[in-house]
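Written out below as structure tokens is the structure these notes cover.
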Amino acid sequence: MRSVVGLVTVVAASTFYLYLLSSYLPPGPQLVKRNNDEGVESSGENSENNLRSDGRLAESRLKFPSDLEELKEMAQLLRYYKTEHGGYVLLLFCSAYLYKQTFAIPGSSLLNVLAGALFGPWQGLLLACVLTTVGATFCFLLSRAFGKQHIVRLFPDKVAVLQKKVQENHSSLFFLLLFLRFFPMSPNWFLNMSCPIFNIPLTLFSMSVFIGLMPYNFVCVQTGSVLSELSSLDQLLSWRVVLQLLLVAFAALLPGAVIRHYSCTRLQPSSTAVKKD
1 MRSVVGLVTV VAASTFYLYL LSSYLPPGPQ LVKRNNDEGV ESSGENSENN
51 LRSDGRLAES RLKFPSDLEE LKEMAQLLRY YKTEHGGYVL LLFCSAYLYK
101 QTFAIPGSSL LNVLAGALFG PWQGLLLACV LTTVGATFCF LLSRAFGKQH
151 IVRLFPDKVA VLQKKVQENH SSLFFLLLFL RFFPMSPNWF LNMSCPIFNI
201 PLTLFSMSVF IGLMPYNFVC VQTGSVLSEL SSLDQLLSWR VVLQLLLVAF
251 AALLPGAVIR HYSCTRLQPS STAVKKD
């Protein structure tokens with residue numbers, strides 16, 4: 001009972017913080033309208049009304065994107081605010097990302113794409129990798145504090161299979177964790193919540209998340225960076241964009257191919273373990 005109350009308290013407090021952060025927006029960059037022929041500037045009252053209207057519109061549009069259309073609108077809105085409130089946009093993005101990762105809410109891939117559109121390919125990649133690692137670590141700690149017994153009760157078969165893999169490959173545990181991130185037999189959210197059950201060291205877990213999910217983050221961030229530069233769908237078929245996307249795909253597949261090649265010698269298959277027994 002205490003674990004449920006503690007978990008609900010953490011979720012409620014985090015949700016309230018994110019709600020306050022997204023509700024009380026700073027004023028957007030003021031756009032002063034002029035009439036070039038008459039040299040007349042818009043009145044202060046009208047400008048103030050426009051800012052209030054823009055603020056209400058922005059507040060209604062600040063939500064987790066669920067598709068590419070909403071993602072595009074969100075990117076336009078945050079790029080508009082980023083011109084004068086870069087710190088606020090960074091804080092809002094990091095808070096939303098960590099919220100999703102900590103509580104295992106689907107949709108992080110769209111936020112990775114948004115990182116590429118807002119912060120560029122390399123800053124966006126670094127930010128996505130750090131936030132993925134920190135968010136997964138928070139999920140790990142939350143599960144260790146409140147949820148281990150519930151994970152075992154809800155997913156007994158998955159826990160048993162993963163526990164067997166950990167026991168068989170205890171001597172190459174870090175390599176196993178990397179392999180599971182590149183070729184997940186279970187979703188990432190389940191790995192984040194179940195690793196405390198097997199007493200995986202936190203440092204080992206965090207390093208495997210940072211390295212193992214880097215190719216996935218790279219693909220999403222680079223895609224967001226490419227798409228943010230397009231002004232029409234015709235540009236999507238240009239040679240520059242096609243070659244850039246092919247390079248992204250190759251860079252993402254290469255680490256996985258290396259891991260798969262060495263997995264035969266480093267990781268012990270279940271069949272071998274059965275024969276030894």
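In the UniProt record's numbering, the protein residues as written are 1 to 277.
We put the beta carbon where it would ideally sit given N, CA and C, even for glycine.
Does the distance from the CB of L125 to the CB of G116 come in under 9 Å? yes
At what residues does the alpha helix (DSSP H) containing R153 begin and finish? 148-154
Given A128 as reference, the closest of V226, S23, L20, P215 once Cα atoms are compared: P215
Cα-Cα separation, residue 297 to L77: No answer is possible for residue 297: the residues shown for the chain start at 1 and end at 277.
Is DSSP giving N217 helix, strand or coil here? helix
Spatial neighbours of Q149 in its chain, beta-carbon cut-off 8 Å, leaving aside the 5 residues before and after: S3
V209 beta carbon less than 9 Å from that of T132: yes
Near C139, what residues of its chain come up, given a Cβ to Cβ distance below 8 Å and the 5 sequence neighbours on each side ignored? Q101, T102, F103, A104, W189, N192, M193
Check for me: the alpha helix (DSSP H) holding R79 runs from which residue to which? 68-82
Spatial distance of M207 from L177 (CA atoms): 9 Å
Cut-off 6 Å between Cβ atoms - residues of its own chain near Y19, not counting five sequence neighbours on either side: none
Straight-line Cα distance separating K165 from Y81: 47 Å
Chain B beta carbons: is any one of them nearer than 9 Å to that of V89? Going by chain labels, chain B is absent from the structure shown, which holds only one protein chain.
Are the CB atoms of C220 and V113 within a distance shorter than 9 Å? yes
Confirm, please, whether the CB-CB distance from F198 to Q163 is below 9 Å. yes
Closer than 6 Å by C-beta to S171: which residues in its own chain qualify, once you throw out the five before and the five after it? Chain order, please. none
Closest to I200 by C-alpha separation, out of F93, L173, A160, would be which residue? L173
Which residue marks the beginning of the alpha helix (DSSP H) containing L25, and which one marks its end? That residue, L25, is in no alpha helix (DSSP H); it is neither H nor E in DSSP.
Verify whether the separation of the beta carbon atoms of P156 and G107 is less than 9 Å. no
Given a cut-off of 9 Å on the beta-carbon distance, is the pair F93 and L68 in contact? no
Quick check on F64: does DSSP put it in helix, strand or coil? coil
Let me know the secondary structure DSSP gives L7 once reduced to three states. helix
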